[in-house]
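Residue numbers (my numbering): 709 to 834.
See below:
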């Protein structure tokens with residue numbers, strides 16, 4: 709039980725740091741929204757040559773959708789880990805197992821599925 713508690717608190721601290729980085733980091737959600745809100749508008753007829761979007765290619769649409777699903781799953785697993793201390797009505801062992809499970813899910817989303825989708829997208833784009 710003591711080792712489970714130590715693993716839980718390590719997982720909770722790592723996920724809390726990752727969540728704050730995901731929300732408030734240099735490329736975080738709030739940073740992107742702030743840049744989009746306060747960036748001056750450019751000429752609408754100018755577009756980037758490096759944009760690799762093909763609206764007719766269904767394979768690219770599927771890969772973009774899978775990338776979004778991966779990002780949403782990663783975000784929800786971080787939220788799940790950080791909200792596991794709020795399960796105060798559960799016994800400690802169940803709460804620790806739920807928190808560690810969400811942490812493992814976030815590791816899978818960030819270290820396994822994320823690089824796989826990025827590899828597929830880079831292989832098909834470039």
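The beta-carbon is built from N, C-alpha and C at its ideal position, and this holds for glycine as well.
Segment limits, alpha helix (DSSP H) that includes residue 714: Counted as a single uninterrupted DSSP element, the alpha helix (DSSP H) harbouring residue 714 occupies residues 710-732.
query: From which residue to which residue does the alpha helix (DSSP H) around residue 673 run?
result: Residue 673 cannot be examined here, being either before or after the span of the chain that is shown, 709 to 834.
field: Buried/exposed call for residue 731, threshold 16 Cβ in 10 Å
entry: exposed
message: Give me the residue from 778, 811, 770 and 776 with the minimum Cα distance to residue 788.
response: 811
- request: Please list, in chain order, all residues of the same chain as residue 822 whose beta carbon is under 6 angstroms from its beta carbon, the five residues on each side excluded.
  value: 778
message: If you reduce the DSSP assignment to three classes, tell me which class residue 735 lands in.
response: coil
message: At the level of alpha carbons, what is the spacing between residue 800 and residue 725?
response: 23 angstroms
field: Nearest-angstrom Cα separation, counted from residue 713 out to residue 795
entry: 15 angstroms
query: Can you round the beta-carbon distance between residue 817 and residue 782 to whole angstroms, since I take them to be within the 8 angstroms contact cut?
result: Their Cβ separation, rounded to whole angstroms, is 4 angstroms, which keeps residue 817 and residue 782 in contact under 8 angstroms.
field: Cβ separation of residue 825 and residue 771, assumed to be a contact under 8 angstroms, to the nearest whole Å
entry: 7 angstroms
query: Is residue 807 near residue 739, with beta carbons less than 8 angstroms apart?
result: The answer is no: Cβ separation not under 8 angstroms.
- request: With a threshold of 16 other CB atoms inside 10 Å of the CB of residue 804, please say whether the residue is buried or exposed.
  value: buried
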